[in-house]
């Protein structure tokens with residue numbers, strides 16, 4: 364029986380970061396991964412595959428060029444499921460290769476198999492051939508991630524009625540698709556397939572789409588989806604799902620309506636992949652969706668030497684935040700100082716178009732009764748937007764009136780998940796409106812929208828607030844010939 368300082372169960376973003384951080388503290392580390400290759404859900408069925416699929420669709424469909432050449436424009440006229448899978452395979456091989464190299468370089472041991480607790484300091488790992496090996500450790504990090512929620516009354520068959528894991532191995536592309544679940548995953552896949560000119564219907568029992576996102580962004584996003592022919596059935600509960608024929612499925616809604624589609628994607632949530640862990644052996648319990656509770660500062664569970672990180676502890680369930688959770692857990696486990704992440708982190712939704720947000724939404728600012736002002740910049744107002752043929756997309760910035768501090772940045776449109784990091788830095792450094800109006804941005808870029816939005820907000824703010832220096836700078840900016848909406852006069 365081999366003993367380690369730390370055993371990490373799961374090799375996704377949270378698990379890999381915890382393992383490598385502990386190894387850098389000169390600790391002996393074992394990573395247990397139930398898949399046949401390292402990387403976890405993130406690499407094989409989640410983040411990387413879905414984003415690779417998105418990029419492939421946008422390239423082959425010519426989506427980004429349709430602003431110039433019309434909605435019928437395509438780079439490849441007949442796109443097949445095999446076309447989409449080719450790039451996916453290359454990308455995943457590359458990701459696994461990098462991760463294998465990181466483990467080897469940091470002397471992290473790994474084993475393929477399913478882990479279960481025998482007692483508080485022992486796990487048994489069952490391999491592909493049912494061989495069992497026992498390992499002991501002083502500390503554990505559980506980073507097993509999640510798996511699609513599959514209700515017993517949904518007749519999944521992997522061909523016409525699918526979960527998000529199945530959708531990555533399609534043998535053919537449907538002409539119509541019904542997506543059940545308007546969460547992040549459902550919306551991402553719905554808009555990706557819509558970009559392939561698949562007729563998409565989105566069904567969800569909630570009336571508010573993505574409720575954690577600023578409402579003005581969602582209004583724009585919904586308008587864009589409807590404008591391209593997508594159907595939204597919000598506030599509609601699903602009664603039954605049936606496969607009628609090889610290329611025909613029927614979704615009965617409780618309000619009496621019916622949705623017919625060639626394929627159905629059931630993306631209504633995920634559950635923690637904790638069933639095999641035998642958590643009863645260590646006195647841990649999970650909620651109805653298989654998730655663990657952990658301290659939000661240290662990520663310790665109710666059993667102090669066992670930590671839980673990543674999607675298994677719920678929101679925000681992002682690869683980026685999961686990595687930080689793994690790092691912090693490893694640091695705390697071995698008594699090392701761990702700098703807590705900043706209060707605000709960026710949230711990215713890789714739909715078509717992208718959505719990204721950081722800081723407070725306008726609704727949250729109102730709830731806190733903070734006097735504020737907003738600034739808006741439409742991508743079509745930027746020269747870069749014209750060059751790219753963008754007719755939609757905008758940036759919204761929220762500033763506190765009394766301090767001029769930036770409270771939040773919300774973007775929908777091309778490149779949103781890249782652009783957001785400028786706003787993230789300023790929000791977490793308590794920066795103000797003056798940063799944007801006094802600094803120079805590359806021209807032509809979409810980042811120029813920051814200055815346009817800041818000036819738009821400044822135009823509505825009390826005039827006694829700007830300093831003389833800021834006032835003079837604004838006058839100089841106005842003379843540079845920015846779009847009319849952004850101009851201001853001294």
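In my numbering, the protein residues as written are 364 to 853. The C-beta atom is built at its ideal place from N, Cα and C for all residues, glycine as well. It should be emphasised that the depicted structure is a prediction, and the values quoted were computed from it without experimental measurement.
Reducing DSSP to helix, strand and coil, say where residue 375 ends up.
coil
Residues of its chain near residue 467, where Cβ-Cβ distance is below 7 Å and the 5 sequence neighbours each way are ignored: none
Fully enclosed by the region 691-774, which alpha helix (DSSP H) runs are 4 residues long or longer?
725-730 and 746-751
Could you check what DSSP says for residue 384 in three-state terms: helix, strand or coil?
helix
If we count the other Cβ atoms within 10 Å of its Cβ and call it buried at 16 or more, is residue 831 buried or exposed? With a pLDDT of 40 at residue 831, under the threshold of 50, the modelled position of that residue is not reliable, and the figure given next carries that caveat. Burial call: exposed.
| message | How far does the beta strand (DSSP E) with residue 663 in it extend, from its first residue to its last? | response | Residue 663 -> no beta strand (DSSP E), and no H or E assigned at all.
- Inter-residue Cα distance where the pair is residue 419 and residue 825: 47 Å
- Item | Cβ-based burial, residue 564 [other Cβ within 10 Å; buried from 16] | buried
Review point. Mind checking whether residue 604 and residue 543 have CB atoms under 9 Å apart?
Key: yes
Helix, strand or coil for residue 494, going by three-state DSSP, please let me know. coil
Checklist entry - Does the Cβ-Cβ distance between residue 395 and residue 476 come in under 9 Å? => result Cβ distance < 9 Å, so residue 395 and residue 476 count as in contact.
Beta-carbon proximity list for residue 382, same chain, < 6 Å, skipping 5 on both sides
371, 392, 394 and 471
**Item:** Opening and closing residue of the alpha helix (DSSP H) in which residue 468 lies
**Value:** 444-468
Practice task
Take residue 661 and list the residues in its own chain whose beta-carbon comes closer than 8 Å to its own, dropping the five residues that flank it on each side.
Solution key: 670, 691, 692 and 695
Roughly how many whole angstroms lie between the Cα atoms of residue 649 and residue 508? 13 Å
Could you tell me whether the Cβ atoms of residue 770 and residue 738 are closer together than 9 Å? no
According to DSSP, what are the bridge partners of residue 539? The partner list for residue 539 (beta bridge, DSSP) reads 562.
Excluding the 5 residues preceding and the 5 following residue 436 in the sequence, name in chain order all residues of the same chain whose CB lies nearer than 8 Å to its CB. 425, 428 and 429
- Query: For residue 571 versus residue 595, is the C-beta spacing smaller than 9 Å?
  - Reply: no
> DSSP on residue 672, reduced to helix/strand/coil?
Replying inline: coil
Simplified DSSP assignment, three categories, for residue 824: coil
Open item on the list: Relative to the C-alpha of residue 617, which candidate in 567, 626, 753 and 646 has its C-alpha closest?
Closed with: 567
Original post:
For residue 828, which residues from the same chain have a beta carbon less than 7 Å from its beta carbon, with the 5 sequence-adjacent residues on both sides left out?
Top reply: Note that residue 828 scores a pLDDT of 49, beneath 50, so its modelled location is shaky and nothing firm can be said.
For this session: Could you round the C-beta distance between residue 757 and residue 747 to whole angstroms and report it? I think they count as a contact, below 8 Å.
Result: Not confirmed; about 14 Å, so no contact.
Q) In its own chain, which residues sit with a C-beta less than 6 Å from the C-beta of residue 366, not counting the 5 before and 5 after it? A) 499
Checklist entry - Thinking C-beta only, is residue 443 closer than 9 Å to residue 535? => result Closer than 9 Å, so yes.
So, using beta-carbon positions, are residue 518 and residue 413 closer together than 9 Å?
With respect to residue 413, residue 518 sits apart: the two C-beta atoms are not nearer than 9 Å.
Determine, using beta-carbon pairs with one atom in the region 710-729 and one in the region 798-813, whether at least three such pairs fall under 8 Å.
-> No, because fewer than three Cβ pairs between the region 710-729 and the region 798-813 fall closer than 8 Å, the two stretches do not touch.
- residue 556: first and last residue of the uninterrupted alpha helix (DSSP H) it sits in: 547-557
Exercise for the section: Going by CA-CA distance only, name the one from 540, 636, 578 and 559 that's closest to residue 439. Expected result: 559
Is it the case that the Cβ atoms of residue 373 and residue 403 are separated by a distance below 9 Å? yes
Buried or exposed: which applies to residue 700, given that a residue is buried once 16 or more other Cβ atoms fall within 10 Å of its Cβ?
exposed
Problem - Pick from 473, 453 and 818 that is closest to residue 736, judged by C-alpha positions - result: Nearest C-alpha to residue 736: 818.
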